[in-house]
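Beneath this line is the structure, given in structure tokens, with notes to follow.
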Amino acid sequence: MGGIRGECGGNLACATCHVLPDPAWIARLGPPSAPEDDLLDFLDDERRPESRLSCQITASEALDGLILTVPAP
Ligand code: FES
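First residue of the sequence shown: 175, per our numbering; consecutive thereafter.
Right, dumping it as structure tokens:
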């Protein structure tokens, strides 16, 4: 099954919320925190330069229209 599982509920313990932001949005998102960056290294699927954990992205008006792709399983 595809989609965002988010098994740890946003506690930076699972990386099942991996997403790929559209390149046009990367600057507005800013870089991942050090703990997020460390967990991204343990992804089951392949990490890409734009990889982020969606549970660590704080929704705001500034991100209205954000385009995220869920990696293929
Ligand atoms: S939901 Fe587990 S790291 Fe994001």
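Backbone N, C-alpha and C fix where the C-beta goes; we use that ideal spot for every residue, glycine too.
Quick check: does the Cβ of threonine 232 come within less than 7 Å of any heavy atom belonging to the ligand FES? no
Give the straight-line distance between the Cα atoms of proline 206 and phenylalanine 216, rounded to the nearest whole angstrom. 14 Å
For the ligand FES, is there any heavy atom lying closer than 7 Å to the beta carbon of threonine 243? no
So, with DSSP's three-state summary, where would you put proline 245? coil
Roughly how many whole angstroms lie between the Cα atoms of leucine 242 and alanine 236? 15 Å
Pairing CB atoms from the region 220-228 with CB atoms from the region 183-203, are three or more of them under 8 Å? yes
Could you check the C-alpha separation between serine 234 and glycine 177 for me, to the nearest Å? 22 Å
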